[in-house]
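A.B. asks:
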Amino acid sequence: MATFSSRLSRQDTRKPSVFAGHHATVICNECNRSMVPRVVVYYGRPVKSVCPFCGATFTRFPSGLQQFSQRFSKKIVSFDAFKRIALVAAGFGLIWFLATMEIIPREMEALGIFGSIVFSAFGLAELFYQTIEFIAKQFSHNSRYYWSATALIAIMIMYVRDDLTRYVVIASFLMIVRSILAGFAVARSQSH
Ligand SMILES: [Zn+2]
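Number 459 marks the last residue of the sequence shown (our numbering); no jumps.
This is the structure we're talking about:
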């Protein structure tokens with residue numbers, strides 16, 4: 268009996284439902300009848316809700332893939348990732364330095380050189396990306412125009428200076444890999 272009464276009082280103190288005193292109904296856009304939308308489920312996933320009278324679609328639910336791509340393309344303007352990459356690059360730089368000084372085995376030098384070059388390159392790509400996004404945000408501009416201008420400048424450099432083509436290609440490659448890695452990082456952090 269004690270458990271019953273405690274359960275009852277817990278229910279009583281619960282916040283009242285937003286539908287309390289109202290019917291949880293909506294008006295159909297097609298037939299204008301008051302209705303409770305029926306959810307259409309496809310392989311266990313809600314796809315859309317429809318009017319039970321005329322079958323008109325009331326709401327569409329985003330698919331898992333859509334939700335993922337929304338998260339994937341979400342931008343986070345922050346220099347945190349750059350700081351972390353710079354720290355790793357500095358770590359490899361330290362390995363390089365210590366190996367050169369023969370404080371740690373000389374064989375570690377190649378690892379130190381490789382790591383510091385790769386992480387410095389990605390650090391610069393991340394810094395460049397965040398700087399452009401940061402400037403666009405400061406002026407409340409859509410960064411898409413900034414990136415179009417950057418791409419145009421890159422293409423012009425390739426036409427005018429053949430000797431710089433390979434650097435433009437490497438920079439473009441770094442930016443693409445950076446965006447893929449950042450996309451996965453954001454998508455993963457948002458899904459938890
Ligand atoms: Zn209807």
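For glycine and all other residues, C-beta sits at the position ideal for the given N, C-alpha and C.
Helix, strand or coil: how does DSSP classify Q278 here?
C.D. replies: Walking along the sequence shown from the start, residue 278 turns up at place 11. Its pLDDT being 47, under 50, Q278 is placed unreliably in this model, and the coordinates cannot settle the point.
A.B. asks: Taking Cβ to Cβ, would you say Y413 is nearer than 8 Å to A421?
C.D. replies: Along the sequence shown, one-based indexing puts residue 413 at 146. Along the sequence shown, one-based indexing puts residue 421 at 154. Going by C-beta atoms, Y413 is not nearer than 8 Å to A421.
A.B. asks: Keeping to the same chain, check which residues put their C-beta closer than 6 Å to that of M442; ignore five residues upstream and five downstream.
C.D. replies: Position 175 of the sequence shown, counted from the start, is the residue given in the question as residue 442. If we look at M442 and ignore the five residues flanking it on each side, its Cβ neighbours are A392.
A.B. asks: What did DSSP end up calling I370 once you bin it into helix, strand or coil?
C.D. replies: By one-based count along the sequence shown, residue 370 stands at place 103. Correct three-state label for I370: coil.
A.B. asks: Touching or not, the segment 345-360 and the segment 372-382, by the rule of three or more beta carbon pairs under 8 Å?
C.D. replies: Counting Cβ pairs under 8 Å, three or more are found: they touch.
A.B. asks: Taking C-beta to C-beta, are K315 and R327 nearer than 8 Å?
C.D. replies: Counting from one through the sequence shown, the residue named residue 315 turns up at place 48. Counting from one through the sequence shown, the residue named residue 327 turns up at place 60. Their beta carbons are under 8 Å apart, which means K315 touches R327 by this criterion.
A.B. asks: Can you find the residues in the same chain that come closer than 6 Å, C-beta to C-beta, to V303, ignoring five residues on each side of it along the sequence?
C.D. replies: One-based indexing of the sequence shown puts residue 303 at position 36. The answer, listed in chain order, is T292.
A.B. asks: Give the C-beta separation of S415 and E400 to the nearest angstrom, bearing in mind that I take them to be a contact with Cβ-Cβ under 8 Å.
C.D. replies: Walking along the sequence shown from the start, residue 415 turns up at place 148. Walking along the sequence shown from the start, residue 400 turns up at place 133. That belief does not hold up - the Cβ atoms of S415 and E400 are roughly 14 Å apart, past 8 Å.
A.B. asks: Would Q405 be called buried (16 or more neighbouring beta carbons within 10 Å of its own) or exposed?
C.D. replies: Against the sequence shown, residue 405 aligns to sequence position 138. Under this definition Q405 is an exposed residue.
A.B. asks: Looking at R300 and ligand 1, is the gap between the Cβ and the nearest heavy atom below 7 Å?
C.D. replies: For the purposes of this step, residue 300 is taken as residue 33 along the sequence shown, with counting starting at 1. Yes, Cβ of R300 sits closer than 7 Å to a heavy atom of ligand 1.
A.B. asks: Which ranges would you report for the beta strand (DSSP E) in the segment 303-380 if only whole runs of at least 3 residues count?
C.D. replies: Taking only runs of at least 3 residues, the beta strand (DSSP E) segments lying wholly in the segment 303-380 are 305-309, 312-317 and 324-327.
A.B. asks: Near L431, what residues of its chain come up, given a Cβ to Cβ distance below 6 Å and the 5 sequence neighbours on each side ignored?
C.D. replies: Within the sequence shown, the letter at position 164 stands for residue 431. These residues qualify, in order along the chain: I424.
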